[in-house]
Each structure stands twice: as C-alpha cells, then as structure tokens.
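This report concerns only the one structure given below.
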Amino acid sequence: MRLIPRPIDDDDKPFEARGVFEICVSMVRSKALRARLLAVSQEVEAASIDYNDKAASARLFQMVRHDAVGAVSGAEMVQVYTGRMVPKGSTGRAIYNRIMAIPVNQRCPLCGIGTVNTLDHFLPKTQFPVFSVTPSNLIPACAWCQWEKRDYYSATSGGQILHPYFDDFNTDEWLVADVVVGCPAAFRFYSSPPNHWSAPKRARASTHLKQLKLPSLFSSNAGSRLSEIRSRLAILRQKGGAAAVRNHLEEELASIEAEHKNSWVAAMYRAAAKSDWFCQGGFEDT
Ligand SMILES: [Zn+2]
C-alpha cells in the first residue's frame with residue numbers, strides 16, 4: 006500500500022545482491038560449503054538483475070520457481086538467510102537491520118498499520134531460494150502481513166500483491182470504504198480503482214487486500230477510531246448540525262490524504278464525510 010525506498014548501501018547505491026550474498030557466506034566454517042556457496046554468487050547476481058528488471062515492470066509473476074542453485078540446495082540457500090543474516094551478530098545482520106529501518110516510523114508498507122518486526126520474502130525463499138538474501142526481495146513487514154502472506158506468490162499478473170519497492174499504486178485513489186448503517190456504525194473496505202487502470206492492475210489492488218485480509222483489519226481499526234472521535238462529533242453536531250460534522254471530517258481528511266490518500270483512515274473519513282446518515286448522527290452508538 007505504501008511505496009518505500011529500495012535498500013541502499015553506505016554509498017547510497019542499491020545493494021548489490023552478490024556483495025550481500027558474499028558478506029553473508031563469508032564466515033561459513035566449512036571450507037567446502039563456503040566454496041560451493043561462493044561458486045554460485047554470479048548466479049545470485051544474474052538472478053537479482055532479472056528480478057529488478059521484472060519487478061520494475063510488474064512481471065515478477067513470470068519468475069520460474071526452482072529448487073537448487075547450481076550445486077547449492079534450496080535448503081542451503083535458505084540457511085544463508087536464517088543462519089547468516091537473521092541472527093544477531095551474524096555477518097549479514099547489519100544489512101538486515103538496515104532494511105528493517107527503511108519504513109518511516111517503522112510502519113508496515115503492506116498494510117500501513119502494523120509495526121515492522123520482520124523481513125518478508127516477496128518471492129518466498131522456499132520456492133525461489135536464489136533470492137534468499139537478495140535485498141530487493143526482502144520486505145520489512147508486520148507480523149499480521151507476514152502471517153497472512155506466508156508463502157503466497159502468483160503466476161498471474163493480477164494475482165500479485167503490491168511490491169513496496171516497485172509498485173506505486175498511490176497515483177490515484179483506489180481504496181474505498183462504505184458506511185455500514187447500524188449501531189454502532191461500521192465501515193466496509195474494498196478496492197475501486199479508476200477506469201483507466203488496466204485489468205491486471207485493478208486485479209492486483211483487489212488481490213493485495215484479499216491475500217493480506219486487510220478489509221477486516223481496516224474495519225477493526227475504523228471501529229476503534231470511531232470510538233475515539235464519537236464524542237467530538239456529537240459536540241459538533243449539537244453546535245452546528247450535520248454540516249459542522251461534515252466540515253470537521255473534511256478538514257481532517259484533507260490532512261490525512263496529504264499524507265496517504267489510500268490509507269484505511271483516509272478511506273474511512275471519505276466515506277463518513279459523504280454519508281448524510283453518518284453526519285446526521287449515525288456515528289452515535291445509542
Ligand atoms: Zn502489515
């Protein structure tokens with residue numbers, strides 16, 4: 006849902022996958038294993054160039070899943086990540102930390118709600134082990150998003166979730182909420198991209214919400230937000246009627262949209278401001 010900058014090294018250049026891989030394997034004790042790993046570093050680099058090329062044109066769905074990388078098994082490649090990049094004190098940990106620190110305020114770029122607490126492999130490392138430590142494939146994510154995504158990937162264009170380093174879906178408004186009339190009022194979230202988007206692009210917006218189960222997460226957050234603002238809205242309505250409520254919601258919305266037009270809270274305020282029922286007191290819980 007949020008575009009974030011790609012991982013960069015100390016010289017402000019995108020990390021070279023080969024260099025990262027070689028740092029990670031540099032302290033492997035077994036000489037034989039280390040030699041086998043280093044022998045595929047060129048393959049890791051070539052695969053990462055292909056990755057960045059495909060990701061930049063939304064074609065990662067064309068990536069073919071694989072098992073071994075040269076003479077290195079998939080499990081051994083995955084171990085480079087789990088044993089050489091994740092543990093504190095491992096040779097790759099500084100790179101791990103650097104990628105984790107990319108999102109502003111540690112906000113998960115996949116949902117815009119959770120706090121980053123892990124790196125998720127956009128193309129799952131079990132299916133695409135060559136990308137186990139490729140920086141472009143490592144996405145800072147919250148626990149919710151990582152759990153919901155797990156090993157998901159798609160072989161179709163529209164089935165791809167959004168890639169936070171490459172996919173800017175915030176040029177247009179596409180996340181929408183409806184006010185659900187009830188007591189208390191609720192909000193239902195869905196994607197509604199503009200007509201000029203291609204069919205696969207439209208499908209991806211919907212896939213992203215569905216695969217990460219974001220509508221239920223957004224609805225729950227909207228319910229909490231409504232509880233927090235309810236008494237304020239009631240005071241405004243007493244003083245100035247529905248117009249005062251709407252005016253307040255629109256003012257808040259302008260500030261929220263200036264930051265993220267497709268955040269759940271922007272969609273919630275857009276829906277609330279548009280709803281006559283809500284502004285006329287539908288926000289009350291009695
Ligand atoms: Zn998340």
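For what it's worth, this note's numbering labels the leading residue of the sequence shown as 6, then goes sequentially.
Note that CB positions come from ideal geometry on N, CA and C, so glycine has one too.
Asked                                                                                                                                                                                : Found
Less than 8 Å between the CB atoms is what I'm expecting for Phe192 and Val181, so what's the real figure, rounded?                                                                  : Not a contact, Cβ separation roughly 10 Å.
Identify whether Asp173 lies in helix, strand or coil by the three-state DSSP scheme.                                                                                                : coil
Whole angstroms are fine: how far does the CA of Ala76 sit from the CA of Gly137?                                                                                                    : It should be noted that the sequence gives Ser, not Gly, for residue 137. Their Cα atoms are separated by approximately 16 Å.
In this structure, does DSSP put Arg3 in helix, strand or coil?                                                                                                                      : The chain is shown from 6 up to 291; residue 3 falls before or after that span and cannot be answered.
So who's on the other strand from Leu2, going by DSSP bridges?                                                                                                                       : Any answer about residue 2 is impossible in this case: the structure gives the chain only from 6 up to 291.
Got a sec, what are the start and stop residues for the alpha helix (DSSP H) Thr87 sits in?                                                                                          : Gly79 to Arg89
State the Cα-Cα distance for the pair Leu241 and Ile9, rounded to the nearest angstrom.                                                                                              : 38 Å
Is it a yes or a no for the segment 283-291 touching the segment 237-251, going by three-plus beta-carbon pairs under 8 Å?                                                           : yes
Below 8 Å on the Cβ atoms is my guess for Ile104 versus Leu124; work out the distance and round it to an integer in Å.                                                               : 6 Å
Between the segment 113-122 and the segment 263-277, can you find at least three pairs of beta-carbon atoms closer than 8 Å?                                                         : yes
Specify, as a first and last residue, the run of the beta strand (DSSP E) that Pro205 falls within.                                                                                  : First-last for Pro205: Ala204 to Gln216, but that is the alpha helix (DSSP H), not the beta strand (DSSP E).
Could you tell me which residues DSSP pairs with Val74 in its beta bridges?                                                                                                          : Val77
Could you name the residues of the same chain whose beta carbon sits closer than 6 Å to that of Ser211, not counting the 5 residues immediately before and after it, in chain order? : Ser196
What does DSSP give as the partner residues of Ile13 in its beta bridges?                                                                                                            : Pro19
Counting Cβ pairs, one atom from each stretch, are 3 or more of them under 8 Å apart for the segment 23-33 and the segment 62-73?                                                    : no
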